[in-house]
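Numbering (full-length UniProt numbering), first residue to last: 1 to 590.
Ideal Cβ positions, reconstructed from N, Cα and C, are used throughout, including at glycine.
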């Protein structure tokens, strides 16, 4: 062989620049493939977050933002803070539903004293009715603006969304039907967002964007003015609805069940024609067969495999960790992209439009501006198209809001009271209770009465929020409730007790590897199962000190919102003192 080593390397070896370029291209390719896989998997989890975000953009938010627009853009800071704090509570609700496999209502029934569970149930039902009233009024006003339908008839037409829920939403139904239902609600949400994107583009030339940017910073005008504090409290109440906490904890189970079914850890309950019917009571024979099926499934499967009863569903550690990462991510994106954007857009549009000198009845009084006023100002000072787009956004938000509040009402009734009532009948009865006061107000007071009832419903929701958020904080801070079974620990001495051998949960090697992969990190508790050498291993998913303190701070802020209302209504002060006592008792429990 002739030539030195450098010549041979230069002739046959890799070029340094080419090698670096090749390594860089491979890194880019692998990163792109990884991100595409993550994005594709993330797409499968889109749905629950968008459904929860509906609670942040319903007609009640429209009304509160219009009232806050008298400060123009200065309350954007209060809006931002309320959305951040509401997002924290929604994450807690999501964690509770994922770790326990049950919604907030069911957890209250199982882990709280019976009398306390029913007290919370009464408050939750009142919150559902108050929210439903807001959706009915907003939808009726949109029908009146768009199609000139009388308010009385518009109120009656709001039963459409109940019929949609009755026909389409079945929590234990086929996954495809649930995905289609989520897609329908998501479409309404995206249409609402699109309307406000167009609306913002139309008011952009009249908007002082520098003032808008400064509005996201704290202003002394808010804290030195009683009215500013009151409206800030109203924004908090309108942004976090009590029913959204129930909804957020109840719409995540379907994806966990899909995961466990795929890995052989769960068997879907058998459904017959009578169980699928929406107006049929279960027969005695079906109840007996259901109990036998639960016993058979429990004895035939491993200890980690759950029974066929949906209320007894216990997710695996793999389902919990996989679902939690993507669901919380989708929830945060939805709350930022959808909820915060829509609420800020409403306030910006209202702040710009209400700076005009005259309202729709010609008296120039914008203190009592309502949805009709904002529509008139947009139509008269911008264009008729701008007013129509606003009415369409109001219609879409009212329809999707009425849909999800009906779902939440079903979760609350089944979870807290566990009533054996057909789901269709439950939804119709709830809507009848909500629609009755609206019809009475329309007949007696007309437009002014509807606006007063709409604002009053937000007051009621703000007052009820502490009684729903307190049990959520308690449950998510409880280590016995927020734990997920990992497997069993076998050992004969304390020296090797840290080495865990996970029990086979499905008889398949890939399932063991999946469970081990998700059990590598976290806090663990070992509980004896009757044998000194045999312990159940659980992963602690409860709130840490930081998240617990943040949640409690939110609780006190929700109590503070009632203080804001008590400045305007003296009768609310006693309610405010009761909320303080309720939270002191809650801190003692935690």
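Check                                                                                                                          : Outcome
Which of helix, strand or coil DSSP assigns to residue 539                                                                     : strand
Per DSSP, cross-strand counterpart(s) of residue 484                                                                           : 539
Minimum C-alpha distance to residue 385 - residue among 447, 459, 199 and 193                                                  : 199
Pair within 8 angstroms by beta-carbon distance, residue 73 and residue 211                                                    : yes
Under 8 angstroms between C-beta atoms of residue 347 and residue 55                                                           : no
Near the ligand NAD: residue 344 beta-carbon under 7 angstroms from a heavy atom                                               : Summarising the ligand content, the structure contains no ligands, and the ligand NAD is consequently not present.
Cutoff 6 angstroms; reference residue 152; Cβ partners in own chain excluding five residues on either side                     : 442
DSSP-derived helix/strand/coil call for residue 218                                                                            : coil
For residue 20, the three-state DSSP class (helix, strand or coil)                                                             : helix
Reduced DSSP secondary structure (H/G/I, E/B, other) of residue 458                                                            : helix
Whole beta strand (DSSP E) elements within the stretch 97-180, 3-residue minimum                                               : none
Straight-line Cα distance separating residue 323 from residue 92                                                               : 14 angstroms
Length of the line joining the Cα atoms of residue 20 and residue 43                                                           : 34 angstroms
Same chain, Cβ closer than 7 angstroms to residue 625, five either side skipped, listed in chain order                         : Any question about residue 625 goes unanswered here, given that the chain covers just 1 to 590.
Residue 478, DSSP secondary structure in three states                                                                          : coil
Buried/exposed call for residue 316, threshold 16 Cβ in 10 Å                                                                   : buried
Start-to-end residues for the alpha helix (DSSP H) that takes in residue 396                                                   : 384-412
Touch test, the stretch 183-200 against the stretch 388-398, Cβ-Cβ under 8 angstroms, three pairs minimum                      : yes
Straight-line Cα distance separating residue 474 from residue 64                                                               : 30 angstroms
Spatial neighbours of residue 186 in its chain, beta-carbon cut-off 8 angstroms, leaving aside the 5 residues before and after : 46, 47, 50 and 51
Proximity below 8 angstroms, CB of residue 437 to CB of residue 133                                                            : yes
Status (buried if at least 16 other CB within 10 Å, exposed otherwise) for residue 116                                         : exposed
Same chain, Cβ closer than 6 angstroms to residue 206, five either side skipped, listed in chain order                         : 352
Distance between beta carbons of residue 318 and residue 259, contact taken as under 8 angstroms                               : 7 angstroms
DSSP three-state assignment for residue 606, whether helix, strand or coil                                                     : Because residue 606 is not part of the residues shown, which for the chain are 1 to 590, the question remains open.
Where residue 256 sits in the DSSP three-state scheme                                                                          : helix
Distance between residue 486 and residue 536 (C-alpha atoms, nearest Å)                                                        : 8 angstroms
Residue 372 - containing alpha helix (DSSP H), residue span                                                                    : 371-381
Boundaries (first-last residue) of the alpha helix (DSSP H) holding residue 320                                                : 317-334
Through-space distance from residue 480 to residue 321, alpha-carbon basis                                                     : 18 angstroms
Cβ neighbour criterion (16 or more within 10 Å) applied to residue 40                                                          : exposed
Candidates 28, 53, 89 and 450: closest to residue 472 by CA position                                                           : 89
8 angstroms Cβ cutoff met for residue 129 and residue 434                                                                      : yes
Residue 38 versus residue 23 - alpha carbon distance                                                                           : 22 angstroms
C-alpha gap between residue 381 and residue 344, whole angstroms                                                               : 21 angstroms
Exposed unless 16 or more other CB atoms sit within 10 angstroms - verdict on residue 138                                      : buried
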